[in-house]
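Count the sequence shown with full-length UniProt numbering and you get residues 1 to 190, in order. Cβ atoms here follow ideal geometry from the backbone N, Cα and C, with glycine treated the same way. I have placed the structure first, in the form of structure tokens, so that the comments after it can refer back to it.
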Amino acid sequence: MTIFSMLEKRRAVRNYEDRPVEKEKIIQLLEAATWAPNDRLREPWSFYIFQGEGKKKYQQIAEDFLFERFPDKEKLRESSLKVVKNTPLIIVVTSDIIEDDPAASEDNEYAVCCAIHSMWLAAEELGLGFVWRTRGVGLVRDERLFSLIDSPENKKIIGSLFIGYPDEKALENMKEKKRTDYLEKTTWCQ
Ligand SMILES: Cc1cc2nc3c(=O)[nH]c(=O)nc-3n(C[C@H](O)[C@H](O)[C@H](O)COP(=O)(O)O)c2cc1C
1 MTIFSMLEKR
11 RAVRNYEDRP
21 VEKEKIIQLL
31 EAATWAPNDR
41 LREPWSFYIF
51 QGEGKKKYQQ
61 IAEDFLFERF
71 PDKEKLRESS
81 LKVVKNTPLI
91 IVVTSDIIED
101 DPAASEDNEY
111 AVCCAIHSMW
121 LAAEELGLGF
131 VWRTRGVGLV
141 RDERLFSLID
151 SPENKKIIGS
161 LFIGYPDEKA
171 LENMKEKKRT
181 DYLEKTTWCQ
């Protein structure tokens with residue numbers, strides 16, 4: 001497959017089979033991330049892997065978050081928590097914050113975004129479904145997730161990557177992928 005067709009084919013996959021992701025495949029995802037471009041080779045990324053028993057801790061803080069955020073919406077809490085329960089593998093990715101250098105810290109975030117996209121494409125090639133989450137149970141702005149990964153203040157959480165073998169039925173029912181034509185977003189500067 002060419003890079004162009006991979007980019008067009010990549011999807012956010014949110015429904016998975018009840019089947020663990022093999023450690024070899026996790027390692028391949030992490031290696032794919034490692035080759036991402038990054039300014040001055042700071043390699044600003046760190047990864048925190050949650051699966052099996054370890055994922056229960058993530059599940060617990062997601063439950064606490066949902067209870068705090070939606071105290072009166074039991075159905076919504078249940079469906080959101082089900083998303084976490086039904087995801088075999090979660091990888092939390094952080095970016096290094098450089099004290100007194102906001103520009104470099106920002107560049108670090110861009111590099112981590114590149115690394116996450118590399119992982120997303122690699123996941124496709126490995127037959128894995130993948131979605132980068134920030135909102136809701138992605139928990140990237142929730143203090144509890146910082147505590148769970150024992151993160152010092154010099155790291156920012158960029159994403160929680162939800163990964164698993166795709167549920168084929170859900171894949172079939174996915175909406176068609178749509179994008180605005182680049183022409184509407186492009187200015188050829190003279
Ligand atoms: C920075 C970022 C944050 C995202 N956060 C969420 C999220 O919190 N929940 C979610 O379901 N999808 C999330 N997504 C996935 C997007 O919703 C998805 O990429 C978009 O709908 C386009 O679909 P496609 O990836 O299949 O082309 C996020 C994607 C990015 C890049």
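Item                                                                                                       : Value
Y182, buried or exposed, once every other Cβ within 10 Å from all chains shown has been counted against 16 : exposed
Cβ-based neighbour list, D107, same chain, cut-off 6 Å, excluding 5 preceding and 5 following              : D39
Check whether P88 and G129 have beta carbons under 7 Å apart                                               : no
Any 3 or more C-beta pairs closer than 8 Å across the segment 28-43 and the segment 108-118                : yes
Rounded C-alpha distance that separates W45 from D96                                                       : 7 Å
Alpha-carbon to alpha-carbon, T180 and K55                                                                 : 37 Å
Option in V13, L30, T2 and I3 with minimal Cα separation from K177                                         : V13
heavy atom of ligand 1 below 6 Å from K177 C-beta                                                          : yes
W120 beta carbon near ligand 1 (any heavy atom closer than 6 Å)                                            : no
F70: first and last residue of the uninterrupted alpha helix (DSSP H) it sits in                           : Looking at the DSSP string, F70 is not in any alpha helix (DSSP H), and its letter there is neither H nor E.
Contact test: R141 Cβ vs ligand 1 heavy atom, cutoff 6 Å                                                   : no
Bridge partners - T94, DSSP secondary structure assignment                                                 : S46 and I157
For L81 and E43, the rounded distance between their alpha carbons                                          : 33 Å
Closer than 7 Å: residues whose CB approaches a heavy atom of ligand 1                                     : R10, R11, A12, R14, V131, W132, R133, T134, R135, G136, G138, G159 and K177
For Y58, three-class secondary structure by DSSP                                                           : helix
Burial state of residue 193, where buried means 16 or more other Cβ atoms lie within 10 Å                  : What is shown of the chain runs 1 to 190, which leaves residue 193 out entirely.
Distance, G159 Cα to F67 Cα                                                                                : 21 Å
Of the listed residues E109, Q28 and K9, nearest to N154 (C-alpha basis)                                   : E109
Inter-residue Cα distance where the pair is V84 and E78                                                    : 10 Å
Status (buried if at least 16 other CB within 10 Å, exposed otherwise) for G127                            : exposed
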